[in-house]
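Heads up, the sequence shown is in my numbering, so the first residue is -12 and it goes up one at a time. For every residue, glycine included, the Cβ atom is placed at its ideal position computed from N, Cα and C.
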Amino acid sequence: MSAKPRVLIVGAGIGGLTAGLALIRRGFDVEIFDQASALSELGAGIQIAANGSRVLRELGLGDELKRVGTEANIVDLRLWNSGERWKMNDHSDTAEKYGSPHYTMHRADLQEFLRKAVLAQKQTAIHLDARCAGFTQSAKGVRLTFEKGDPVEGDVLIGADGIHSVIRQSLFGPDTAEFTGFIAWRGLCPADKLAPELMRHGGWIAPASHIMHYPTRHGALLNVIAVVERSDWTNESWYDRGTHEEFMSDFPGWHDDARAMIAAVEIPFKTALMVRWPLARWSVGNTTLLGDACHSTLPFLAQGASMSIEDGYILARCLDAFDDIETALKHYETARIERTTKIVLAAVDQKDRLHGDSLKNSDTAKQHVDAQWSVQRLQELYAWIYGYNALTVEI
Ligand SMILES: Cc1cc2nc3c(=O)[nH]c(=O)nc-3n(C[C@H](O)[C@H](O)[C@H](O)COP(=O)(O)OP(=O)(O)OC[C@H]3O[C@@H](n4cnc5c(N)ncnc54)[C@H](O)[C@@H]3O)c2cc1C
């Protein structure tokens, strides 16, 4: 039996699997529970920036990142109506500058190689069809209960159960999400439905909406995320479907290239974008949170997955470094809250750079782009995000 604490993780998403892998590699006994009956999922792309890929490479997943990921390079920005194009970002020196590349990929591919890496370390670590109903904790440890099946006991509990986290609500009360007034459409376009020149990494800006897109599966699919200011849909879910007609009607007057992307999306999903203002603490006793469960973010900086990867790794470092669990969780929180809070608030602030009346026409849009979206400006703005090193940061 392991002399180290037995760790129970609720949620086998990106954050839960990363934490599980990092902990097992350090000799912890880990059990991961997910409500899903299989970890395959509806289509979605994801970006893993240098701060996230650095951790995954340290966990031995560098080859997998190369296998499923597309290394980002030039990212361009276009104006919604004229289609005018500017260079927004340049990732060609990201790997050199930050010590690790910026990747785009299919979310299911990332989750699948993390799942396999966990199972390669411990074949029985992941339990599916295990929807957590609640938990109790005492001086002796934690006890997790499920909607079906027997309770499970352990020494530490990690709530990695995403935006609607049951563990967060048990610790800190009902959800306090606020609707932003934005909805996000998302979906994947197969390459054979789009002109090859549209299968690239880029974005579009407009007065009250924007689109971001990037390749996944080495250009076989284009991931499209389209955000619009609209207040009649307030359901926050990664699984709700809309129709192409409704998606298209949210982007009237847009350039043909943008509308071609909307038309090519296989299944249009829509979700309300909500803000949860940062929590002052994440842990109580031997229970803590990570990822979207404690710092869900607007997608405007593409940092949701990378932050949850950093959390998982630093939590494993802390549990390894401090024998007393509460002390370890305190160090984890202290190391993480300030950074994740800053990113969550910076993502909210992105809205004023993405939308605005100056984007109504070409002349004023050019001034806005020169001031806000030059490569140099972006590199200055994002350096602290990409440059963070979860492997060495003080804990
Ligand atoms: C299907 C899906 C699609 C997504 N698409 C996008 C996207 O297009 N763009 C983007 O920026 N972000 C997207 N995200 C969010 C992004 O993946 C996360 O921000 C990021 O990966 C942080 O991960 P996490 O591990 O904290 O949470 P998640 O990746 O959300 O994982 C949480 C896990 O907990 C499980 N879970 C929840 N409640 C329970 C419970 N009671 N008992 C047991 N298990 C539970 C869920 O099944 C899930 O596997 C998506 C998430 C999901 C689940």
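Assumed close pair residue i, residue j - CB separation to whole angstroms, cut-off 8 Å
i      : j      : result
ILE198 : GLY206 : Actually they are not in contact, since the Cβ atoms of ILE198 and GLY206 sit about 18 Å apart, beyond 8 Å.
HIS231 : ALA250 : 7 Å
VAL331 : THR284 : 5 Å
LEU147 : GLY343 : The sequence as given places Ala at residue 147; Leu does not occur at that position. Not quite, the Cβ-Cβ distance comes to about 36 Å (not below 8 Å), so this is no contact.
ARG155 : CYS281 : 6 Å
LEU365 : ASN273 : The Cβ separation is near 41 Å, so there is no contact.
Residue i vs residue j beta-carbon contact at 7 Å
i       : j       : result
ALA171  : VAL214  : yes
PRO194  : LEU(-5) : no
MET92   : THR203  : yes
ASN348  : GLY240  : no
ILE382  : HIS318  : yes
TYR417  : LEU52   : Given that the chain is displayed from residue -12 to residue 382, the structure contains no residue 417 and the question cannot be resolved.
GLY56   : ASP244  : no
PHE405  : ALA120  : Outside the shown range of the chain, which is -12 to 382, sits residue 405, and nothing can be said about it.
ALA37   : TYR373  : yes
GLY128  : ASP137  : no
LEU26   : ALA352  : no
ILE35   : SER295  : no
SER24   : LEU115  : yes
LYS74   : VAL271  : no
LEU46   : LEU97   : no
LEU288  : ALA334  : yes
ILE11   : LYS103  : no
THR328  : VAL262  : no
PHE122  : GLY174  : no
SER87   : ARG13   : no
ARG(-7) : ASP16   : yes
LEU277  : GLY39   : no
ILE192  : LEU341  : yes
Terminal residues of the alpha helix (DSSP H) in which residue i lies
i      : result
ALA182 : Here ALA182 belongs to no alpha helix (DSSP H), and DSSP marks it neither H nor E.
ARG41  : 37 to 45
ALA358 : 349 to 359
VAL55  : 49 to 55
LYS103 : 94 to 108
TYR369 : 362 to 373
Burial state of residue i, where buried means 16 or more other Cβ atoms lie within 10 Å
i        : result
SER(-11) : Note on SER(-11): pLDDT 48, under 50, position unreliable in the model; the coordinate value appears next. Under this definition SER(-11) is an exposed residue.
TYR226   : exposed
ASN210   : buried
ASP339   : exposed
ASN222   : exposed
ARG326   : buried
THR163   : exposed
THR321   : exposed
ASP383   : Shown here, the chain extends from -12 to 382; a query on residue 383 therefore has no answer.
PRO286   : buried
ASP298   : buried
TRP371   : exposed
VAL(-3)  : buried
ALA117   : buried
GLN354   : exposed
ARG323   : buried
ALA315   : buried
ASP50    : exposed
GLU184   : exposed
ARG94    : buried
GLU18    : buried
GLY32    : buried
THR275   : buried
GLY149   : buried
TRP360   : buried
VAL264   : At residue 264 the sequence reads Trp, which differs from the Val that was named. Classification of TRP264: exposed, given that the 10 Å Cβ count is below 16.
ASP279   : buried
Range covered by the beta strand (DSSP E) that runs through residue i
i       : result
GLN124  : 119 to 125
TRP191  : 189 to 192
GLU83   : Taken as a continuous stretch (DSSP letters only), GLU83 belongs to no beta strand (DSSP E), being part of the alpha helix (DSSP H) at 81 to 85.
ARG72   : 72 to 77
THR5    : Where THR5 is concerned, there is no enclosing beta strand (DSSP E), although the alpha helix (DSSP H) it sits in stretches over 1 to 12.
PHE20   : 16 to 20
SER224  : Counting along the chain, SER224 falls outside any beta strand (DSSP E), and DSSP gives it neither H nor E.
VAL62   : 61 to 66
VAL(-3) : -7 to -3
heavy atom of ligand 2 below 6 Å from residue i C-beta
i      : result
TRP220 : Among the ligands in the structure shown, ligand 2 does not appear; only ligand 1 can be found there.
Of all the alpha helix (DSSP H) runs that stay within the bounds of the region 262 to 347, which reach a length of 4 or more residues? 279 to 282, 291 to 308, 312 to 336 and 338 to 341
Sequence ranges, alpha helix (DSSP H) only - wholly within the region 134 to 180, length at least 4: 153 to 159
Enumerated in chain order, which unbroken segments of the alpha helix (DSSP H) with a length of 4 residues or greater are wholly contained in the region 230 to 266? List check, alpha helix (DSSP H) in window: 231 to 236 and 243 to 251.
Ranges of the beta strand (DSSP E) found wholly within the region 194 to 222, counting only runs of at least 3: Segments of the beta strand (DSSP E) lying fully in the region 194 to 222: 196 to 203 and 208 to 216.
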